[in-house]
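*Asks:*
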Amino acid sequence: MGNISNQKSGLNSIKIKDSGKQPVQVEMTFVPPHPFAIDIPEKRLVKAEDLSGAFTKIVRFFRSWGFEVK
Numbered sequence: 004m005g006n007i008s009n010q011k012s013g014l015n016s017i018k019i020k021d022s023g024k025q026p027v028q029v030e031m032t033f034v035p036p037h038p039f040a041i042d043i044p045e046k047r048l049v050k051a052e053d054l055s056g057a058f059t060k061i062v063r064f065f066r067s068w069g070f071e072v073k
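Numbers given in the numbering used here equal positions in the sequence shown, counted from 1, plus 3.
1. Using C-beta distances below 7 angstroms, list every residue in its chain close to Q25, excluding the 5 sequence neighbours before and after it, in chain order.
2. Does V72 pass the burial test, meaning 16 or more other C-beta atoms within 10 Å, or should it be called exposed?
3. Quick one: using the 10 Å Cβ neighbour count with 16 as the cut-off for buried, is F39 buried or exposed?
4. Please work out which residues of its chain come closer than 7 angstroms, Cβ to Cβ, to K60, disregarding the five sequence neighbours upstream and downstream, and give them in chain order.
5. CB E17 to CB F33, shorter than 8 angstroms?
6. Nearest by alpha-carbon distance to G56: which of Q28, L14 and G69 is it?
Rendered as structure tokens:
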């Protein structure tokens, strides 16, 4: 994604805890202006049981905004 500021858009961090119901956390930040003038939320935190589940949730998130991840 294009961005004008010094901040980076996209994946900020992946955290994996030792225990808990959803030990995997993926933090994403999107810096405006967003492509195609879509008003994506600036921050998104995805929690999941494993990395595959996190990827599935991220794909669903992008699909809901009209983007297809392949």
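Each residue gets a CB set at the ideal place from its N, CA and C atoms; glycine is no exception.
*Replies:* This is what the structure holds:
1. K50, A51 and E52
2. exposed
3. exposed
4. Same-chain partners within the cutoff: V49 and A51.
5. With the sequence shown as reference, residue 17 is identified as Ile, and Glu is not the correct amino acid for it. No.
6. Q28
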